[in-house]
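Peer 1: Have a look at the structure that comes next, please.
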C-alpha cells in the first residue's frame with residue numbers, strides 16, 4: 487500500500503506563489519441589490535419627470551406670450567381709436583377720348599380717443615392697382631374727438647370702373663406717448679417705434695421695403711422741414727422693425 491504524503495510536494499507550490507495570487511473579496515465590495523434598485527428607480531423617475539418639465543416650459547412660454555400680447559394691446563389702445571375711411575367717390579369732369587379720368591375721393595380721419603395725436607399723415611392706397619396717393623397736407627395735432635378731412639384726386643383709365651371700397655385710407659401718426667403708428671383702413675395699427683431695450687432697429691439709411699416703404703418714401707417728400715435738420719437717427723420715416 488502506497489502512503490501519500492500529508493503535504494503536497496514543495497516543488498508544485500513554490501514558497502509565496504499561492505498566497506500572492508489569491509485575494510479574498512471584501513464584503514463591502516460585493517454587489518448590493520438595494521443600490522441597483524435605487525439607481526434604476528432614479529432613472530425611471532427622471533424619465534417620467536421629462537413630460538412634466540416640458541409641460542411646465544410650454545405653459546411658461548404661453549404665459550410670456552400672453553403677457554406680451556396684453557402689453558401690445560395696451561400700447562395700441564389709443565392707436566386703435568384713430569380711424570380713417572373714405573366717404574365718397576365722384577367723377578366731376580368726364581374725360582375726353584382716351585384721357586385719364588380724374589376721380590375725387592373724399593375721406594375723413596377721426597380721433598375717437600381721449601388724447602391728442604400729432605404729425606398725422608394721410609395717403610390713399612388703391613388696392614386694385616397697387617398705387618399710393620399721399621395727401622399733400624400734414625396735421626400737426628388732432629385733438630380728442632377731432633376730425634381731419636380731405637379729397638384726393640385719383641387718376642384712372644377710362645375703361646376702369648372703380649369702386650369706393652378698393653381704396654384704403656392709410657395713416658401715420660404719433661400717439662400721446664410719443665410712439666409712431668401706421669394704420670391701413672380697418673387693419674390693426676402697426677407700431678413703428680422700437681422696443682424699450684432698443685432692439686429691432688434697422689440701420690440708418692436703410693429704408694423700409696414693400697408697400698409700406700413706398701408709402702413712407704412718398705411721405706418723406708412732404709414731411710416738415712424740421713425733420714431734415716435732425717439727422718437720420720431722429721427721422722421717424724426711417725422705419726424700425728419689431
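Numbering (the working numbering), first residue to last: 487 to 728. A virtual CB, placed ideally from N, CA and C, is assigned to each residue, including glycine. Source: prediction; values computed, not measured.
With distances taken Cα to Cα, identify the nearest neighbour of residue 663 among 543, 560, 524.
Peer 2: Measuring from the Cα of residue 663, the nearest candidate turns out to be 560.
Peer 1: By Cβ distance below 6 Å, which residues in the same chain neighbour residue 595 in space, the five residues on each side in sequence not counted?
Peer 2: Answer for residue 595: 570, 634, listed in chain order.
Peer 1: Sort 650, 673, 668 by Cα distance to residue 574 and report the nearest one.
Peer 2: Taking only the C-alpha atoms, the option nearest residue 574 is 650.
Peer 1: Which same chain residues end up closer than 8 Å to residue 689 when comparing Cβ atoms and leaving out the 5 residues on each side of it in sequence?
Peer 2: For residue 689, the predicted structure reports a pLDDT of 32, less than 50, and the residue's modelled location is therefore unreliable. A value from the coordinates is still provided. Excluding residues within five positions, none has a Cβ falling inside 8 Å.
Peer 1: Can you name, in chain order, every residue of its own chain whose Cβ lies under 7 Å from the Cβ of residue 524, other than the five neighbours on each side?
Peer 2: Nothing listed; no residue qualifies.
Peer 1: Looking at residue 628 and residue 657, is the spacing between their C-beta atoms short of 8 Å?
Peer 2: Cβ atoms of residue 657 and residue 628: not closer than 8 Å.
Peer 1: Would you report the Cα separation of residue 638 and residue 609, rounded to the nearest angstrom?
Peer 2: Rounded to the nearest angstrom, the two C-alpha atoms are 9 Å apart.
Peer 1: What residue does the beta strand (DSSP E) around residue 575 start on, and which one ends it?
Peer 2: Residue 575 -> beta strand (DSSP E) spans 568 to 576.
Peer 1: Just mark residue 564 as buried or exposed, buried being the case when its beta carbon has 16 or more other beta carbons within 10 Å.
Peer 2: Buried is the call here.
Peer 1: Is there a C-beta anywhere in chain D that falls below 8 Å from the one on residue 641?
Peer 2: The chain inventory of the structure shown lacks chain D, comprising one protein chain alone.
Peer 1: Identify the residues that DSSP records as bridge partners of residue 636: which are they?
Peer 2: According to DSSP, residue 636 bridges with 593.
Peer 1: Using the three-state DSSP reduction, which class does residue 551 fall into: helix, strand or coil?
Peer 2: Residue state, collapsed to three classes: helix.
Peer 1: Under a Cβ-count criterion, where at least 16 other Cβ atoms within 10 Å of its own Cβ denotes burial, should residue 645 be classed as buried or exposed?
Peer 2: Residue 645 should be labelled exposed.
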